[in-house]
C-alpha cells in the first residue's frame, strides 16, 4: 500500500515540476517580445554599423556585395517583423530597419 502512495506522490511531483517548467519558459519569453519594440534604432553612424556597412535602405547601398532583394527582413540574423524595425543578432540592443542591409547578410534557410 505505501509503495502505491509513493508512486502516486512521485507522479504528482513530476506533473507539478513539468507544469512549472513550461510556465517559466512561457513567462521568460514575454519580456523579450515586449522589449523588441523598445530597442533604439541603429544609426548609420554607429561604429559597428559602419564596420559592417549597414544602411537603413538597402536600395541606397553602393556595396558591390549586395545582391538585389537582399534586405534585413530576409536575413538569418534578423528576428523582427517583415516591416518596420526589429532586433538583429549582429547589433545587440539595437533595432535595424527591415529594409536595411549590411555586408554580413545571410539568407534565411527555408
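Residue numbers (this note's numbering): 6 to 115.
From the three backbone atoms N, C-alpha and C, an ideal C-beta is built for every residue, glycine too.
- Residue environment analysis places residue 92 among the buried positions, since at least 16 neighbouring C-beta atoms fall within 10 angstroms of its C-beta.
- In chain order, 59, 96, 99 place their CB closer than 8 Å to the CB of residue 51, counting only its own chain and leaving out the 5 sequence neighbours on each side.
- For residue 52, the uninterrupted alpha helix (DSSP H) segment begins and ends at 52 to 56.
- Annotation for residue 75: 63, 106, 110 place their beta carbon closer than 7 Å to its own, counting only its chain and skipping 5 residues before and after.
- By the CB criterion at 8 Å, residue 78 and residue 103 fall inside the cutoff.
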